[in-house]
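Take a look at the structure below.
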Amino acid sequence: NAGVTQTPKFQVLKTGQSMTLQCAQDMNHNSMYWYRQDPGMGLRLIYYSASEGTTDKGEVPNGYNVSRLNKREFSLRLESAAPSQTSVYFCASRDRGQTEAFFGQGTRLTVV
Amino acid sequence: QKEVEQDPGPLSVPEGAIVSLNCTYSNSAFQYFMWYRQYSRKGPELLMYTYSSGNKEDGRFTAQVDKSSKYISLFIRDSQPSDSATYLCAMSPQGGSEKLVFGKGTKLTVNP
Chain A
336 NAGVTQTPKF
346 QVLKTGQSMT
356 LQCAQDMNHN
366 SMYWYRQDPG
376 MGLRLIYYSA
386 SEGTTDKGEV
396 PNGYNVSRLN
406 KREFSLRLES
416 AAPSQTSVYF
426 CASRDRGQTE
436 AFFGQGTRLT
446 VV
Chain R
709 QKEVEQDPGP
719 LSVPEGAIVS
729 LNCTYSNSAF
739 QYFMWYRQYS
749 RKGPELLMYT
759 YSSGNKEDGR
769 FTAQVDKSSK
779 YISLFIRDSQ
789 PSDSATYLCA
799 MSPQGGSEKL
809 VFGKGTKLTV
819 NP
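Protein chains in written order, with the numbering used here: chain A, 336 to 447; chain R, 709 to 820.
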């Protein structure tokens, strides 16, 4: 079992470029999450999805869009990247009503 | 006001010390309280969780929740160098919302 898989692992973008971060889980979980992690800021919730076809904003949604393509996949899109979006992005999933969330290995994004 | 507050430290202790990590929260809907451990350049992993108020013990680790004060704690007894990591508290409401919110994380170093 791969668990939660994020692609790419590393990415450098120029200001204004767009890109999509991919996340897939093979645990048949209902809920999926996107977080960003910056030094001293912990994990900040960008968007989450409780089930296929539903998404909700978290603490820092501005500048991002998400798509819950199916139960397995939850993508995060940056339409016009800004240096302030330089961060490590984590995708996570968990089953509804369960406490444990499983995380991917992270995507290190640098916007120059 | 952020929903979850956690002192980011850093915290440095000698081997064998008792470590106390704490979080406060403002959302009364939170019912599940979790502690995650994150090693450098890795995704967080669940360490312990508690439902509602009370204590839970697992080996050298004890989690406490005081809902009346909106305060949770993690105690580590006989700390070891292998406990050196960032510890993040996380919280989730019961039923309905699948929101999962994290604190900033406290970086702990246990010195041999």
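Beta carbons: idealized from backbone N, C-alpha and C, even for Gly.
Going by DSSP, name the residue or residues bridged to residue i.
i: L444(A); result: Q346(A) and S422(A)
i: Q357(A); result: T342(A)
i: G377(A); result: D373(A)
i: V712(R); result: Y733(R)
Taking all protein chains shown into account, do 16 or more other C-beta atoms lie within 10 angstroms of the C-beta of residue i, making it buried, or fewer, making it exposed?
i: Y759(R); result: exposed
i: P789(R); result: exposed
i: Y747(R); result: exposed
i: E723(R); result: exposed
i: I381(A); result: buried
i: R785(R); result: exposed
i: S800(R); result: buried
Tell me the rounded alpha-carbon separation between residue i and residue j.
i: C358(A); j: V446(A); result: 20 Å
i: Q346(A); j: G811(R); result: 26 Å
i: S728(R); j: E408(A); result: 38 Å
i: N405(A); j: S384(A); result: 11 Å
i: M362(A); j: V721(R); result: 38 Å
i: L816(R); j: K750(R); result: 15 Å
i: T342(A); j: F738(R); result: 32 Å
i: L378(A); j: E711(R); result: 13 Å
i: V339(A); j: G441(A); result: 10 Å
i: A771(R); j: K349(A); result: 44 Å
Checking contacts by CB at 8 Å: is residue i closer than that to chain R?
i: T340(A); result: no
i: G388(A); result: no
i: A385(A); result: yes
i: Q440(A); result: yes
i: E408(A); result: no
i: T421(A); result: no
i: R412(A); result: no
i: T425(A); result: The question names Thr, yet the displayed sequence has Phe at residue 425(A). Chain R contact via Cβ: present.
i: R431(A); result: yes
Taking 8 Å as the threshold (beta carbon to beta carbon), is residue i in contact with chain A?
i: E723(R); result: no
i: G811(R); result: yes
i: K807(R); result: yes
Can we count residue i as close to the ligand PLP, meaning its CB is less than 7 Å from some heavy atom?
i: P752(R); result: The model depicted lacks the ligand PLP and carries no ligand whatsoever.
Exercise. Within the chosen definition, does the region 741-754 of chain R reach the region 428-436 of chain A through at least 3 CB pairs nearer than 8 Å?
Worked result: Between the region 741-754 of chain R and the region 428-436 of chain A, the count of Cβ pairs shorter than 8 Å is three or higher; the stretches touch.
Exercise. Is the region 411-423 of chain A in contact with the region 343-361 of chain A, if contact means three or more CB pairs nearer than 8 Å?
Worked result: A contact exists between the region 411-423 of chain A and the region 343-361 of chain A.
Exercise. Going along the chain, which residues of the region 356-380 of chain A sit with their C-beta nearer than 8 Å to a C-beta in chain D?
Worked result: You won't find chain D in this structure, because its protein chains are A and R.
Exercise. How about the region 419-429 of chain A and the region 367-385 of chain A: do they share at least three Cβ pairs that are nearer than 8 Å?
Worked result: Three or more pairs of CB atoms, one per stretch, sit closer than 8 Å, so the region 419-429 of chain A contacts the region 367-385 of chain A.
Exercise. Do the region 772-781 of chain R and the region 720-734 of chain R meet, that is, are 3 or more Cβ pairs less than 8 Å apart?
Worked result: With a cut-off of 8 Å, the region 720-734 of chain R and the region 772-781 of chain R count as touching, because enough Cβ pairs lie within range.
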